[in-house]
Amino acid sequence: MKRALILTLCTAFGATAVAAGDVKPADVVYEDGVVSASLTGQAGDAVNGRMVFANRKQGNCLACHANSDMPEEGFHGEVGPMMDGVGERWTEAELRGIVSNSKMVFEGTIMPAFYIDSGYERPLDKFAGQSILSAQQVEDIIAYLLTLKDS
Amino acid sequence: MTNTLWTTLALIGLGTAVGAQDSNSLSIEGESIVTEVAAPAHMENVDTIYSGWRFRSAETQALEMDDFDNPAFVFVEQGMDLWDKVDGAAGKACSSCHENIEDFAGLRTQLPRVDDGELVTMENLINECRTDRMEAEPWKWSKGKMTAMTGLIGVQSRGMPMNVAIDGDAAPFWEKGKELYYTRVGQLDMACSNCHEDNYGMMIRADHLSQGQINGFPTYRLKNAKLNSIHGRFKGCMKNIRATPFKEGGDEFKALELYLASRGQGLSVETPSVRN
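Structural data, given as structure tokens:
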């Protein structure tokens, strides 16, 4: 209930409005690509994270990563590695680094940085100065990825 | 399905661009079309170039193999009507001065080119005749009349190899186009090369990535059921990565067009091609 309300508010302000108390994109601390501190101070919601992963206007992670946990989705991309077992390959802090700014981990990668709001050129006006995902969406995705185990 | 593909690729052990283009060969109305050829020497990261046709489904491919099935020809016919239509204060039609449309055979393969220090595309040449010689309004870059005419003139070169000049006067434009090709833009921060050079052959969600060749333009797209200009396509790709597109007909897109044309040297002109 409360969560639904927060979501509604977020949508009203645009998906990436920075909620008070969130770590701002420019303030995220990377240590060798790893981000230890939660971006929101709250636990991520894996159920919402699963939706953000597939949603074409949000994470759209499925565009590049196949994921056996989503057989209901017709098209899985092949540009990046499969997500199966990703929750065992990486720790929560490592995943936070990869999703927030993959370029800190994989040099020259095609994977977009999902939690930066500057440093890219010629954005369409409506996206200028914004991150692709909100802090909460990043935390939700991480919570979801951690559920993807091989066994 | 996707799983199997991944496993297969992993087993073959291919690294970067795997080239999952198919092995079909194209012949249109009995004429064989080159859809695969050794990459030109200037391409450092790719050995073989392929037409976008090789990445499309069998159904889409079939539409291009027969001119009666190819929906683009409705528009090429419209181009033929425009060819004979008097327009503008000078009271002329294209056909008043240009005797045979067939005389344009070969032109598509050499564009864009530098004329008097300026890089010009097919659209520029057509509009120059309209404004200077017919005293008529220029046609809009990607609108129906222009794409009908670029389709009609382009098909005269069908089957001939792409062959643009990139040295001499053209060199600075080509360099600029190359730089744009490798420059990341947009909120998603990607360059053309990230998709069309590093990942061609891969599925990106429902799309099978090709090398982004322009030998088939204007292309009829099933998605919008009309002919699409080269710059219109560039614009679409830029918007998809949430970048502000450059202007159609502007210096950036013209330079990019020259560079892309040069990445297709040796592929047959396929105009008007069919894509999804």
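Chains as they are written, first to last, in my numbering: chain A, 16 to 166; chain B, 378 to 653. Where a beta carbon is used, it is the ideal one built from N, C-alpha and C, also for glycine.
Grab the span of the beta strand (DSSP E) containing Tyr427 of chain B for me, first residue to last.
425 to 427
Taking C-beta pairs closer than 8 Å, name the residues in chain B that Ile147 of chain A reaches, listed in chain order.
Gln564, Leu565
Indicate whether Val451 of chain B and Arg535 of chain B have their beta-carbon atoms separated by less than 8 Å.
no
Evaluate Gly123 of chain A with the Cβ neighbour count: other Cβ atoms within 10 Å of its Cβ, from every protein chain shown; 16 or more gives buried, anything less gives exposed.
By the neighbour-count rule (16 or more Cβ atoms within 10 Å), Gly123 of chain A is not buried but exposed.
Beta carbon of Leu644 of chain B, beta carbon of Ile426 of chain B: below 8 Å?
yes
Taking only beta carbons into account, state which residues of the region 99 to 120 of chain A come closer than 8 Å to chain B, listed in chain order.
Listed in sequence order: no entries.
Residues in the region 613 to 644 of chain B with C-beta within 9 Å of chain A's C-beta atoms, listed in sequence order?
Taking 9 Å as the Cβ-Cβ cut-off, the region 613 to 644 of chain B approaches chain A at Met615, Lys616, Ile618, Arg619, Ala620, Thr621, Pro622, Phe623, given in chain order.
The region 404 to 436 of chain B: which residues have C-beta closer than 8 Å to a C-beta of chain A, in chain order?
none
Identify each residue in the region 492 to 504 of chain B for which the Cβ-Cβ distance to at least one residue of chain A is less than 7 Å, and report them in chain order.
none
Would you mind telling me which residues of chain E sit closer than 8 Å to Asn576 of chain B, beta carbon to beta carbon, in chain order?
Included in the structure are the protein chains A and B, with no chain E among them.
Just tell me which of B:Thr527, B:Asn504, B:Met457, B:Ala525 has its CA closest to the CA of Trp516 of chain B.
B:Asn504
If we ignore side chains and look at the alpha-carbon of each, how far apart do Leu633 of chain B and Ala61 of chain A end up?
43 Å
Inter-residue spacing [alpha-carbon to alpha-carbon] between Gly554 of chain B and Met615 of chain B:
15 Å
What's the gap between the Cα of Lys624 of chain B and the Cα of Tyr135 of chain A?
Whole-angstrom Cα-Cα distance: 19 Å.
Determine the direct distance from the alpha carbon of Gly563 of chain B to that of Arg619 of chain B, and round the result to whole angstroms.
5 Å
Can you tell me whether Val651 of chain B is buried or exposed, with buried defined as 16 or more other CB within 10 angstroms of its CB?
buried
Cβ of Tyr135 of chain A within 8 Å of any chain B Cβ
Yes, because at least one Cβ of chain B sits closer than 8 Å to the Cβ of Tyr135 of chain A.
Test: Phe90 of chain A CB closer than 8 Å to a CB of chain B:
yes
Would you check if the region 82 to 102 of chain A and the region 402 to 420 of chain B touch, i.e. whether three or more CB-CB distances between them fall below 8 Å?
By the Cβ criterion, the region 402 to 420 of chain B is not in contact with the region 82 to 102 of chain A, since fewer than three pairs of Cβ atoms, one from each stretch, lie closer than 8 Å.
Beta-ladder partner(s) of Ser332 of chain B, from DSSP:
Absent from the structure is residue 332 of chain B, since the part of chain B shown begins at 378 and ends at 653.
Backbone secondary structure at Glu136 of chain A - three-state DSSP
coil
Report the three-state DSSP secondary structure of Ile157 of chain A (helix, strand or coil).
helix
Is any beta-carbon of chain A found at less than 8 Å from that of Ala542 of chain B?
no
Using beta-carbon positions only, say whether Asp546 of chain B and Gly494 of chain B come within less than 8 Å of one another.
Against a cut-off of 8 Å, the Cβ pair of Gly494 of chain B and Asp546 of chain B comes out as a contact.
Leaving aside the five residues before and after Arg111 of chain A along the sequence, list all residues of the same chain whose C-beta is less than 6 Å from its C-beta, in chain order.
Val50, Ile157
Is it the case that the region 454 to 469 of chain B contacts the region 591 to 603 of chain B, given that we only count it when at least three CB pairs across the two stretches are under 8 Å?
no
Per DSSP, what kind of secondary structure is Ile581 of chain B in: helix, strand or coil?
In this structure, Ile581 of chain B counts as strand in the three-state DSSP scheme.
Gly29 of chain A: buried (16+ other C-beta within 10 angstroms of its C-beta) or exposed?
Here Gly29 of chain A scores only 45 on pLDDT, less than 50, and its place in the model should not be relied on; the value that follows carries that caveat. A residue is called buried when at least 16 other Cβ atoms come within 10 angstroms of its Cβ; Gly29 of chain A does not meet this threshold and is exposed.
Does the beta carbon of Leu139 of chain A come closer than 8 Å to any beta carbon on chain B?
Leu139 of chain A counts as touching chain B.
Contact set for Cys25 of chain A: own chain, Cβ-Cβ below 8 Å, skip 5 residues either direction:
Note that Cys25 of chain A scores a pLDDT of 42, beneath 50, so its modelled location is shaky; the value from the coordinates is reported in the next line. The answer, listed in chain order, is Ala32, Ala34, Ser149, Gln151.
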